[in-house]
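Trainee: Just passing along the structure, written as structure tokens.
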Amino acid sequence: MTEVDGLHLAFRGLIAGLAAGWVWVAVACTGLLVAGSDPLAATGSLGNGTAGSGLISALAIAQVSAGGIGLVFAYFFGRYFTVRGTLAVAALAFALLCWLATAYVLDGSWLSLTRQAVLTVAALAYGAMLAGGVRTRPEVLRGPRAQPLGSPST
Numbered sequence: 000m001t002e003v004d005g006l007h008l009a010f011r012g013l014i015a016g017l018a019a020g021w022v023w024v025a026v027a028c029t030g031l032l033v034a035g036s037d038p039l040a041a042t043g044s045l046g047n048g049t050a051g052s053g054l055i056s057a058l059a060i061a062q063v064s065a066g067g068i069g070l071v072f073a074y075f076f077g078r079y080f081t082v083r084g085t086l087a088v089a090a091l092a093f094a095l096l097c098w099l100a101t102a103y104v105l106d107g108s109w110l111s112l113t114r115q116a117v118l119t120v121a122a123l124a125y126g127a128m129l130a131g132g133v134r135t136r137p138e139v140l141r142g143p144r145a146q147p148l149g150s151p152s153t
């Protein structure tokens with residue numbers, strides 16, 4: 000058993016990832032609308048071919064992915080960060096790398112430069128939300144909190 004409560008940390012990562020997934024969807028849809036593109040165009044091939052089932056399938060995929068990314072980040076990486084600032088930078092980098100890997104695996108050649116920029120900003124918003132929701136190492140240690148060094152009178 001380690002000194003870090005991994006289950007608690009993983010749960011917080013899952014919840015933060017799910018919440019951040021909705022932020023990713025909102026930023027992506029808003030950005031694509033502002034850019035003059037149809038944000039729901041890519042969802043038509045999902046589900047049974049109708050617009051409604053495609054949207055529901057896309058939201059389900061986004062939530063499963065977002066929750067999984069949050070859980071993995073918190074459990075495997077979040078346990079090592081003791082300072083909120085470094086955790087925030089790592090979460091932003093992790094979210095950006097996850098988006099770039101997804102675009103590469105799905106052959107992002109169908110993405111225009113505008114769409115790629117909007118979805119990159121959405122990934123950074125996801126990373127910022129993830130950073131705010133994942134706890135740092137001192138917040139998830141097992142047992143009693145360590146006493147600060149120094150004399151009790153000062």
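If you count the sequence shown from 1, position 23 lands on 22 in numbering that gives the first Met the number 0, and the numbers rise without skipping.
Glycine residues also receive a C-beta, built at the ideal position from the N, C-alpha and C atoms.
Classify Ala90: buried if its beta carbon has 16 or more other beta carbons within 10 angstroms, exposed otherwise.
Mentor: Ala90 comes out buried.
Trainee: Smallest Cα separation from Trp23: which of Pro38, Ala9, Leu6?
Mentor: Looking at the Cα atoms, Pro38 is the closest of the given residues.
Trainee: My assumption, with CB atoms under 8 angstroms, is that Ala94 sits in contact with Leu123. Please give the rounded CB distance.
Mentor: The Cβ separation is near 7 angstroms, so the contact holds.
Trainee: Smallest Cα separation from Ala40: which of Pro137, Arg114, Gly142?
Mentor: Residue Arg114 is the option with its Cα nearest to Ala40.
Trainee: Does DSSP put Leu39 in a helix, a strand or coil?
Mentor: In the structure shown, Leu39 sits in coil (DSSP, three-state: anything other than H, G, I, E or B).
Trainee: Using three-state DSSP, classify Leu95 as helix, strand or coil.
Mentor: Three-state result, Leu95: helix.
Trainee: For Leu6, count neighbouring Cβ atoms within 10 angstroms of its own Cβ and tell me buried if that reaches 16, exposed if not.
Mentor: Flag for Leu6 reads exposed.
Trainee: Measure the C-alpha to C-alpha separation of Leu17 and Arg134 and round it to an integer number of angstroms.
Mentor: Spanning the two alpha carbons is a distance of roughly 15 angstroms.
Trainee: DSSP state of Leu140, grouped into three classes?
Mentor: In the structure shown, Leu140 sits in a strand (DSSP, three-state: E or B).
Trainee: Excluding sequence positions up to five away, which residues of its chain have a Cβ less than 6 angstroms from the Cβ of Arg141?
Mentor: Excluding residues within five positions, the ones whose Cβ falls inside 6 angstroms are Glu2, Asp4.
Trainee: Just to confirm the assignment, what range does the alpha helix (DSSP H) spanning Phe10 have?
Mentor: Segment 5-33, the alpha helix (DSSP H) holding Phe10.
Trainee: Measure the alpha-carbon distance for Arg136 versus Ala87 and round it to whole angstroms.
Mentor: If I take the Cα positions, the gap works out to 13 angstroms.
Trainee: In the DSSP assignment, find the unbroken alpha helix (DSSP H) run with Gly48 in it and report its ends.
Mentor: Looking at the DSSP string, Gly48 is not in any alpha helix (DSSP H), and its letter there is neither H nor E.
Trainee: Sorted by chain position, which residues of the same chain lie with C-beta nearer than 7 angstroms to Leu54's C-beta, five sequence neighbours on each side aside?
Mentor: Closer than 7 angstroms at Cβ, skipping near neighbours: Leu39, Thr42.
Trainee: Enumerate in chain order the residues of its own chain whose CB-to-CB distance from Val26 is below 6 angstroms, with the five nearest sequence positions on each side excluded.
Mentor: Correct list, in chain order: Ala121, Ala124.
Trainee: On the criterion of 16 or more Cβ atoms from any shown chain inside 10 Å, does Ile68 qualify as buried, or is it exposed?
Mentor: Answer is buried; the Cβ neighbour count reaches 16.
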